[in-house]
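Visitor: Per UniProt numbering, the very first residue in the sequence shown carries number 1; after that it's consecutive.
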Amino acid sequence: MQIFANGNRLFLENNSSWLKDWGKSFYFFLKQPILLNCRKFLILWFCILAISTGCVQGNGGSFNFKGIFGPLGLSSDLNVPISVNYSGSPYVFTKDAAISGITPDLTGNIQSCSSNPSLPSGLVLNNHCVISGTPTIAQSATNYSITASNGSAAKTIILVITVDANPPTSFAYSLSSFAFTRHASASPVHPFVTGTVTSCSSDIPLPAGLTLSSDCTITGAPTVAQPSTNYTITASNAFGNASVVISIAVNETAPTSLNYAGNPFVLTKDTPIASIIPTITGTVTSCSTDISLPSGLTINSTTCAISGTPNTVQTATNYIVTASNAFGSISRNINITVNLAPPSALNYAGGPFIFSQGATITTLNPSITGTITNCVTDIPLPVGLAINAMTCAISGTPTSTQAATNYLVTASNAFGSISTGISITVNLAPPSGLNYAGSPYVFTKDAVIATVTPTITGTVTNCTTDISLPAGLSIHSITCAISGTPTLTQGPTNYNVTASNAFGSTTQTITISVNVAPPSALNYAGSPFVFTQNATISSVTPTFTGTATSCTTDIALPTGLAIDSTTCVISGTPTVPQAATNYVVTAGNSSGNTTRTISIAVNIEPPSLLNYAGSPFTFTQGAAVTTITPAVIGTVTSCSTDIPLPAGLSVGSNCAISGTPTSTQAATNYVVTASNSSGNTTKTISIAINMPPPSGLNYAGSPFVFTKNTTIAIATPTFSGTVTSCSTDIALPAGLTINSTTCAISGTPTGIQASANYVVTASNASGSTTKTISIMVFGKPPQKTNQIQCWDGSGMLDATCSLASSLGQDGKLQNGTAASFTGPILVGASDYITVDNNSGMVWTTCQLGRTGSTCTGGSNTFYSSRANGTAACSALDSLNAGAGYGNKHGWRIPTIAELESLVDYNNSTGPGSSNPKTYTTSFPGTDAGYYFLSSDSYVPSAGAILVLYFSSGATVGSADSGSFRVRCITNGP
1 MQIFANGNRL FLENNSSWLK DWGKSFYFFL KQPILLNCRK FLILWFCILA ISTGCVQGNG
61 GSFNFKGIFG PLGLSSDLNV PISVNYSGSP YVFTKDAAIS GITPDLTGNI QSCSSNPSLP
121 SGLVLNNHCV ISGTPTIAQS ATNYSITASN GSAAKTIILV ITVDANPPTS FAYSLSSFAF
181 TRHASASPVH PFVTGTVTSC SSDIPLPAGL TLSSDCTITG APTVAQPSTN YTITASNAFG
241 NASVVISIAV NETAPTSLNY AGNPFVLTKD TPIASIIPTI TGTVTSCSTD ISLPSGLTIN
301 STTCAISGTP NTVQTATNYI VTASNAFGSI SRNINITVNL APPSALNYAG GPFIFSQGAT
361 ITTLNPSITG TITNCVTDIP LPVGLAINAM TCAISGTPTS TQAATNYLVT ASNAFGSIST
421 GISITVNLAP PSGLNYAGSP YVFTKDAVIA TVTPTITGTV TNCTTDISLP AGLSIHSITC
481 AISGTPTLTQ GPTNYNVTAS NAFGSTTQTI TISVNVAPPS ALNYAGSPFV FTQNATISSV
541 TPTFTGTATS CTTDIALPTG LAIDSTTCVI SGTPTVPQAA TNYVVTAGNS SGNTTRTISI
601 AVNIEPPSLL NYAGSPFTFT QGAAVTTITP AVIGTVTSCS TDIPLPAGLS VGSNCAISGT
661 PTSTQAATNY VVTASNSSGN TTKTISIAIN MPPPSGLNYA GSPFVFTKNT TIAIATPTFS
721 GTVTSCSTDI ALPAGLTINS TTCAISGTPT GIQASANYVV TASNASGSTT KTISIMVFGK
781 PPQKTNQIQC WDGSGMLDAT CSLASSLGQD GKLQNGTAAS FTGPILVGAS DYITVDNNSG
841 MVWTTCQLGR TGSTCTGGSN TFYSSRANGT AACSALDSLN AGAGYGNKHG WRIPTIAELE
901 SLVDYNNSTG PGSSNPKTYT TSFPGTDAGY YFLSSDSYVP SAGAILVLYF SSGATVGSAD
961 SGSFRVRCIT NGP
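What follows is the structure, given as structure tokens:
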């Protein structure tokens, strides 16, 4: 407190009963702390002695006394107006990063400072309104009402605080490599990460059956085996991301439940079995038995199926079958017996048989079913032939002739026998094996051939050919030898030569060609040859001796030239230049060839008729041009322009123009020159570069939802290019405007409207781009409940509102307008009111019966019914000589909805265990232990009323009798 006495200043020290001067030269004891200032101790002393009257009234009162220096007037600085201002709002902080202390500009004596709602977790507000600390929870932009006050006045200012999250860091899993088992549920693999993760992704899909949650936890049961594979896992939030590489392998399970239905098995030797297929659970990569299966049977290496034809008799034998893969195995015992069957169906195909004396017969292998242990004939076979006792096969070489004779063949084993009859005749052998070893034969016209003598088995009495041999050649009638001198040429011709006797013949096909003499003395006059690209050459005709049927070169002639296949003449138009190159020309026929080496060079032709279709050209700044390739005759080795092309464009060595122009220009002529070592050609073209039309217009926040009479955050779009005009197809909602060059939408909507689409067009002289956005304007939103916790269906607390059951709860949604009150406000001498800044309604700061700025004066007043409470509120209209409490009329008890607007579910600052769930700064001293009356009835119970319990913030039904508290409300003048 400051006190002014005749121009001197005195101070009342806090928590002191001493009044002292400015220089602290003396002290004066008072009942309440006051600090006096007198420049002279003796003067003050005499002043005190001379006091004739004096009065000290608290911190908010006055101090008057009379002395030798006259009246002394004192005043309290608590009545000096106060103000508070934060120049940096809105503030944006980072989660877990300490902020620099925010000190406001203050005026007046500030005794306390409070925030509504509470500052972000981790930040504190001291009594001088300084904000400090380290925010620990990320949040979007939030309004905070900061109220600075003392015993006589209060000032509230709104500031905005946003807390951004840190990007995730230190992202890792417990292992870098994981191995799972197919079809087995994997234990969840949780990551270790610093920071908040809102989404998670993998560069390639996880193995089938595994999933990656939004917090990067890996769960599931893999369904497909795979080798170890690397995955890059990325944890993200709106402010960044972190990645880690892990490897995952999915292993198979061991096979189970191997079973062979029908075991034990009895099989018959040499009888194909029906495949014995087991049932198996799991994947098998290998199947085996402990000992080999009966001969002729096999086991499939992956299905374990047994198949085949057993070819060995065996007694009952046990086999252990094992099915396995890389991860384990399973075994099953089976028993197999193979019995012998009696032979049956003995048959010699091809009978009756006629053989030739002295000629080894083709073994007669009969068909038979079953196993043979003995085979015999009823009479001996022809001399030189024999029968196999185990197979019944007849083989050998008959040495004497005989007429047709019948033989009974019997095949048997220990279980029975089978017989069949056959007939055998042995005749004299016809000649056989006629062979001309040198066929095909190539002879030369008019040249005596070496006699061609064949080999033959047996006796020949005659030798012939099906057609006459070449003129000049003949065949010997007994030896089949060919001799003579061919007199005519011919191509390859087949001749069937037949050697015979009375019992048969043998034939051999031979091929004979008679060729002319090979050519010779090939020569090209004029070599080496020098030609010009794209100029037709004079035919180059060689000389040679003899007949040529083909002409070739060792390597291809220059492109565009060709050689005649029979005359060896070279002609054509060379199209590709080349240095002097040697070519070996070969002229030949079927009898031989002759060669000559020549040299050919092709000089390049100068380019001509350069032309760019489409000139003049008009391009767009910043847009890659489609490569412009000119038409030109001849080969171009270099290309240039008389002046540089527009910035960003270039001309290639083939005169193709490409690139992306980076600046605009008017139409300009360029002379393009195409050249090679033989000359050049030119073409004048024109190029203009226009500004590109804008593109990619986008409003990131659409659809937009605004609130009537609330200034919107400017909606600034993104687009590419330059915009000179912005417009919408229909007028924006009243109060909103669009910037003509940035297309930003701003303003304060003054009316309410349903969602409507607007086509925004951004344009310049070259074109335009459009974007359809949606705008809705709401009325004023309801007041927030300030609930930040949620509960599930069983009533269990979900403190962070993260469970699915919390969707739609106030603690999760955080919708509505934040509560805002101004008060306590002193009206007149002792009336305290609190104003709801959202609704404009006025409340009594204290519950009825309590008085003062802290509602600690007076005493508790209870009302036994709603009627009594209503009367008590109405009585406030007659106070202050009819001016009404707080100079207002229309006082009444509130509706339950109005009463609920005072509930602050997060408040826990009350004394003891009361903790009233209300805004105790604006409504101090609220009694949490009793019900507060409302004007609404509790419908389910006749005569009951709705009351509010500030201990929990709950609304309940109650009988209209008991002990109730009352806080009154008015919206009157």
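Using N, Cα and C, we set each Cβ at its ideal position, and we do this for glycine too. In this text the structure is predicted, and so the values were computed from the model without any measurement.
Is the distance from the Cβ of residue 764 to the Cβ of residue 694 below 9 angstroms?
Guide: Position 764 of the sequence shown, counted from the first residue, corresponds to residue 764. Position 694 of the sequence shown, counted from the first residue, corresponds to residue 694. Against a cut-off of 9 angstroms, the Cβ pair of residue 694 and residue 764 comes out as a contact.
Visitor: May I ask you to report which of helix, strand or coil DSSP gives residue 332?
Guide: On the sequence shown, position 332 is the one that residue 332 refers to. Strand.
Visitor: Helix, strand or coil for residue 885? Go by DSSP, reduced to three states.
Guide: Stepping through the sequence shown from its first residue, residue 885 is reached at position 885. Helix.
Visitor: Going by DSSP, what residues sit across from residue 102 in a beta bridge?
Guide: On the sequence shown, residue 102 is found 102 positions in, with the first residue counted as 1. According to DSSP, which records beta bridges pairwise, residue 102 is partnered with 131.
Visitor: Quick one: what's got a C-beta closer than 6 angstroms to residue 659's C-beta in the same chain, skipping five residues either side?
Guide: For the purposes of this step, residue 659 is identified with residue 659 of the sequence shown, where counting begins at 1. Contacts found: 648, 649, 650.
Visitor: Am I right that residue 363 and residue 335 are in contact with their C-beta atoms under 8 angstroms? What's the rounded C-beta distance?
Guide: By one-based count along the sequence shown, residue 363 stands at place 363. By one-based count along the sequence shown, residue 335 stands at place 335. Their Cβ separation, rounded to whole angstroms, is 39 angstroms, which puts residue 363 and residue 335 out of contact at 8 angstroms.
Visitor: Quick check on residue 853: does DSSP put it in helix, strand or coil?
Guide: In the sequence shown, the residue the question calls residue 853 occupies position 853. Three-state DSSP puts residue 853 in coil, outside helix and strand.
Visitor: With distances taken from CA atoms, which of 723, 754, 753, 734 is nearest residue 760?
Guide: Residue 760 sits at position 760 when you count from the first residue of the sequence shown. Cα-wise, what sits closest to residue 760 is 723.
Visitor: Let me check you understand the geometry: is the CB of residue 971 closer than 8 angstroms to at least one non-hydrogen atom of the ligand HEM?
Guide: Among the ligands in the structure shown, none appear at all, so the ligand HEM cannot be discussed.
Visitor: Residue 620 to residue 748, Cα distance in whole Å?
Guide: Position 620 of the sequence shown, counting from 1, holds the residue named residue 620. Position 748 of the sequence shown, counting from 1, holds the residue named residue 748. Approximately 39 angstroms, taken between the alpha carbons.
Visitor: Residues in its own chain within less than 6 angstroms of residue 418 by CB, not counting five upstream and five downstream?
Guide: The residue labelled residue 418 in the question sits at position 418 within the sequence shown. 343, 344, 346, 411.
Visitor: Which of helix, strand or coil does DSSP assign to residue 967?
Guide: Taking the first residue of the sequence shown as position 1, residue 967 is located at position 967. It is coil, neither helix nor strand.
Visitor: When the distance is taken between beta carbons, is residue 850 closer than 9 angstroms to residue 975?
Guide: The question about residue 975 has no answer, for the chain in this structure spans 1 to 973.
Visitor: What are the start and end residues of each continuous beta strand (DSSP E) run of 3 or more residues lying completely inside the segment 548-597, in chain order?
Guide: 550-553, 561-563, 570-572, 578-589
Visitor: Residue 818 to residue 907, Cα distance in whole Å?
Guide: In the sequence shown, counting from the first residue as 1, residue 818 sits at position 818. In the sequence shown, counting from the first residue as 1, residue 907 sits at position 907. Between residue 818 and residue 907, the C-alpha separation is close to 14 angstroms.
Visitor: By Cβ distance below 6 angstroms, which residues in the same chain neighbour residue 483 in space, the five residues on each side in sequence not counted?
Guide: Residue numbering aside, residue 483 sits at position 483 when the sequence shown is read from its first letter. Exclusion of the five residues before and after residue 483 leaves 451 as the residues of its chain whose Cβ lies within less than 6 angstroms of its Cβ.
Visitor: Cα-Cα, which of 251, 163, 164, 142 is closest to residue 185?
Guide: The residue you call residue 185 lines up with position 185 of the sequence shown. The option with the nearest alpha carbon to residue 185 is 251.
Visitor: With distance defined between alpha-carbon atoms, name the residue in 862, 517, 577, 654 nearest to residue 592.
Guide: Numbered from its first residue, the sequence shown carries residue 592 at position 592. The shortest Cα separation from residue 592 among 862, 517, 577, 654 belongs to 517.
Visitor: Taking 9 angstroms as the threshold (C-beta atoms), are residue 609 and residue 570 in contact?
Guide: Stepping through the sequence shown from its first residue, residue 570 is reached at position 570. Stepping through the sequence shown from its first residue, residue 609 is reached at position 609. Taking 9 angstroms as the Cβ cut-off, residue 570 and residue 609 do not qualify as a contacting pair.
Visitor: Does the Cβ of residue 1027 have 16 or more other Cβ atoms within 10 Å, making it buried, or fewer, making it exposed?
Guide: Coverage of the chain is limited to positions 1 through 973, which leaves residue 1027 absent and any answer about it impossible.
Visitor: What first and last residue would you give for the alpha helix (DSSP H) that runs through residue 870?
Guide: To locate residue 870, count along the sequence shown from 1; it is residue 870. Unbroken alpha helix (DSSP H) run through residue 870: 866-874.
Visitor: Can you name the start and end residues of the alpha helix (DSSP H) that residue 604 belongs to?
Guide: The residue you call residue 604 lines up with position 604 of the sequence shown. First-last for residue 604: undefined, no H or E at that position.
Visitor: Name the one or two DSSP bridge partners that residue 495 has.
Guide: Position 495 of the sequence shown, counted from the first residue, corresponds to residue 495. According to DSSP, which records beta bridges pairwise, residue 495 is partnered with 510.
Visitor: Evaluate residue 797 with the Cβ neighbour count: other Cβ atoms within 10 Å of its Cβ, from every protein chain shown; 16 or more gives buried, anything less gives exposed.
Guide: Your numbering for residue 797 matches position 797 in the sequence shown. With fewer than 16 Cβ atoms within 10 Å of its Cβ, residue 797 is classed as exposed.
Visitor: Based on Cα-Cα distance, which residue from 128, 322, 134, 557 lies nearest to residue 147?
Guide: By 1-based counting over the sequence shown, the position of residue 147 is 147. It is 128.
Visitor: Which value, in whole angstroms, describes the spacing of the CA atoms of residue 669 and residue 689?
Guide: The sequence position of residue 669 within the sequence shown is 669, counting from 1. The sequence position of residue 689 within the sequence shown is 689, counting from 1. Those two C-alpha atoms are separated by around 12 angstroms.
Visitor: With DSSP as the reference, identify every bridge partner of residue 706, one or two as the case may be.
Guide: Reading the sequence shown from its first residue, position 706 is the one you call residue 706. In the DSSP output, where bridge partners are listed per residue, residue 706 has 777.
Visitor: Tell me whether residue 316 sits in a helix, a strand or coil according to DSSP, three-state version.
Guide: Taking the sequence shown and counting its residues from 1, the one referred to as residue 316 is at position 316. Of the three classes helix, strand and coil, the one that applies to residue 316 here is strand, per DSSP.
Visitor: With 16 other CB atoms within 10 Å as the buried threshold, where does residue 415 fall?
Guide: Position 415 of the sequence shown, counted from the first residue, corresponds to residue 415. Per the 10 Å Cβ criterion, exposed.
Visitor: Roughly how many whole angstroms lie between the Cα atoms of residue 476 and residue 463?
Guide: Along the sequence shown, one-based indexing puts residue 476 at 476. Along the sequence shown, one-based indexing puts residue 463 at 463. Counting only the Cα atoms, residue 463 lies some 7 angstroms from residue 476.
Visitor: My output table needs one value for residue 647: the three-state DSSP class, helix, strand or coil.
Guide: Reading the sequence shown from its first residue, position 647 is the one you call residue 647. Here residue 647 sits in coil by DSSP.
Visitor: Output the residue ranges of the beta strand (DSSP E) runs that lie fully inside the segment 161-207 and measure 3 residues or longer, sorted by chain position.
Guide: 169-173, 177-181, 186-189, 191-194, 199-202
Visitor: Are residue 441 and residue 421 close, meaning C-beta to C-beta below 9 angstroms?
Guide: Here residue 441 refers to the residue found at position 441 when the sequence shown is read from its first residue. Here residue 421 refers to the residue found at position 421 when the sequence shown is read from its first residue. Cβ atoms of residue 441 and residue 421: not closer than 9 angstroms.
Visitor: Whole angstroms is fine: what's the gap from residue 430's alpha carbon to residue 502's?
Guide: Counting from one through the sequence shown, the residue named residue 430 turns up at place 430. Counting from one through the sequence shown, the residue named residue 502 turns up at place 502. So the alpha carbons of these two residues sit roughly 7 angstroms apart.
Visitor: Could you tell me the distance, in whole angstroms, from the CA atom of residue 812 to the CA atom of residue 157?
Guide: Stepping through the sequence shown from its first residue, residue 812 is reached at position 812. Stepping through the sequence shown from its first residue, residue 157 is reached at position 157. About 27 angstroms.
Visitor: Output yes or no for whether 9 angstroms exceeds the beta carbon distance between residue 506 and residue 494.
Guide: Sequence index remark: in the sequence shown, residue 506 carries index 506 (1-based). Sequence index remark: in the sequence shown, residue 494 carries index 494 (1-based). Not in contact: residue 506 and residue 494 (Cβ atoms no closer than 9 angstroms).
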